[in-house]
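Numbering (this note's numbering), first residue to last: 139 to 658.
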């Protein structure tokens, strides 16, 4: 057999037997081996975490790829200890460790221990949450967590939802439901119902210019094209302007276009900004338009003891995205999409005779596949369940409040530091800023210097920060999700960034004197 040009032959001298193979299956006869294997794995990870002094080693694909591609997967090591030792070299040594207080890049959170326990349990039992006869209690636990989240949001008694793989899938499903609701309404209003392909070109989605890229990606996947997404301007706080939304709603009506959904963001990825949800909800209600709230990042406010009011208005949404694996400190993946009216979920339903025949719905058997895009699906809800049953929601909210407080303090530090300029103050836990060269011709090197500083910092392994563009200029970004990150950590990272950026400008001006301010 060949694959990508390689010929794969059976392992020479293989001594594998069926009895050996069976010994690796998890069952009542191998529970002791299971205990020993997990103990060894846990000890390996614990030892690594306890001795990790940097969030990253700075390795590159060119260095690591040959080491992994050179492993012959057709020649097993045959021993778990050897496999774990190899794993140290090809994964654990160079992994990016989000628990480290100087990991400040993306929306990756450190995880709580009850959720890690949940991960171990759910993988061992291996329930699939598509049908009742594969999950039983798991189905009911997921449904209870959906109800609990809907109650926290305030969606009302008819709300429902389902766990997903992440915010992108949640946004996609919400917009799929919105599209189908819009097409159903348009068909009902027409004397002769048009074919769906005739309706799609006139559908539009409105979102702010700071919304997540998955909105445009969803439009493409839904057959609308990215041009169907209308981006409206934001204010200085990077929040959608209601007056701009009102103008676009009116323009679409005047041009005979149908706005199938307005996407409000409760926690933009770059700025942590929350769109004015009450005003957007009012405009959507007046126009009869589906309102979706992407709260993948900001959903942690649902359990905040001090900041829940920042989500006021979310209770008026038709659908909501939440990512527990961002601000509830859960391992990936743990996300959900919720809807105000459970009837809308019918647009994701397909009855397969072998799996969930229509008669099971008539008998009120709870098959989660009836409302999910996925079929086979992990019991990711268990992690959140054990977290809430062990820590409680308020404890999670306290952790999220702490990182929001830390971001506010970091913003204050940056506003007082002449080496940097900072963008708008986040409502959540991001800080967007840039290093500035000294005034003069070298100021033109600011974009290059910030790009270099980020890459050099990551290569050193001392810290990891993110980057983005603001008004066409390269900026740096802290995304704070670790309550263990201190202001000293932040100050140290800022010093490192300034050092790398300053070195870059000095090196450039040394070989190009015309860029040096003293040469002017």
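C-beta: ideal position from N, C-alpha, C; glycine also.
For clarity, every value in this text was computed on a predicted model and none was experimentally measured.
- Contact annotation, residue 605 with residue 614: C-beta distance approximately 6 angstroms; criterion of less than 8 angstroms satisfied.
- The continuous stretches of beta strand (DSSP E) do not include residue 244, and DSSP gives it neither H nor E.
- Between residue 427 and residue 291, the alpha-carbon positions lie close to 20 angstroms from each other.
- Look at residue 351 here: in three-state DSSP terms it is coil, with no helix or strand label.
- CA-to-CA, the gap between residue 450 and residue 641 works out to about 46 angstroms.
- Inclusion of residue 635 and residue 410 in the CB contact set at 7 angstroms is not warranted, their separation being larger than that value.
- With 16 or more neighbouring CB atoms inside 10 Å of its own CB, residue 280 falls in the buried class.
- Rounded to the nearest angstrom, the gap between the Cα atoms of residue 391 and residue 381 is 16 angstroms.
- Going by beta carbons, residue 487 and residue 250 fall outside the 7 angstroms limit.
- With distances taken between CA atoms, residue 163 lies nearest to 263 out of 590, 263, 374.
- Secondary structure at residue 605: strand, using DSSP grouped into helix, strand and coil.
- Distance between residue 170 and residue 209, taken at the CA atoms: about 29 angstroms.
- Looking at the DSSP output, residue 573 shares a beta bridge with 558.
- Under the 8 angstroms Cβ criterion, the region 489-499 does not count as touching the region 312-330, having fewer than three qualifying pairs.
- The region 146-190 contains, as complete alpha helix (DSSP H) runs of 4+ residues, the segments 156-160, 169-189 (chain order).
- Three or more Cβ pairs closer than 8 angstroms define a contact, and the region 399-410 falls short of that threshold against the region 255-274.
- Between residue 602 and residue 203, the gap from beta carbon to beta carbon reaches 7 angstroms or more.
- Counted as a single uninterrupted DSSP element, the stretch harbouring residue 427 is not any beta strand (DSSP E), since DSSP gives it neither H nor E.
- Residue 626: not part of any beta strand (DSSP E); member of the alpha helix (DSSP H) spanning 625-649, first to last residue.
- Fewer than three beta-carbon pairs drawn from the region 507-519 and the region 335-349 are found closer than 8 angstroms, and the two stretches are therefore not classed as touching.
- Assigned with DSSP and collapsed to three states, residue 526 falls in helix.
- Beta-bridge annotation (DSSP): residue 341 is paired with 396.
- In the structure shown, the three-state DSSP call for residue 451 is coil.
- Excluding the 5 residues flanking it on each side, residue 553 has same chain C-beta neighbours closer than 8 angstroms at 560, in chain order.
- For the set 576, 568, 544, 588, the Cα lying nearest the Cα of residue 556 is the one of 576.
- Contact annotation: residue 341 and residue 396 have beta-carbon atoms nearer than 7 angstroms.
- If one requires a minimum length of 4 residues, the alpha helix (DSSP H) runs lying completely within the region 433-483 are 462-465, in chain order.
- Where residue 317 is concerned, the enclosing alpha helix (DSSP H) starts and stops at 305-327.
- With contact defined as three or more Cβ pairs closer than 8 angstroms, the region 445-463 and the region 327-335 are not in contact.
- Note on geometry: alpha-carbon atoms of residue 590 and residue 638 lie some 7 angstroms from one another.
- When the Cα atoms are used, residue 435 and residue 353 turn out to be separated by approximately 15 angstroms.
- Scanning its chain for C-beta atoms nearer than 8 angstroms, with the 5 sequence neighbours on each side dropped, one finds around residue 625 the residues 544, 547, 548, 551, in chain order.
- Assigned with DSSP and collapsed to three states, residue 413 falls in coil, not helix or strand.
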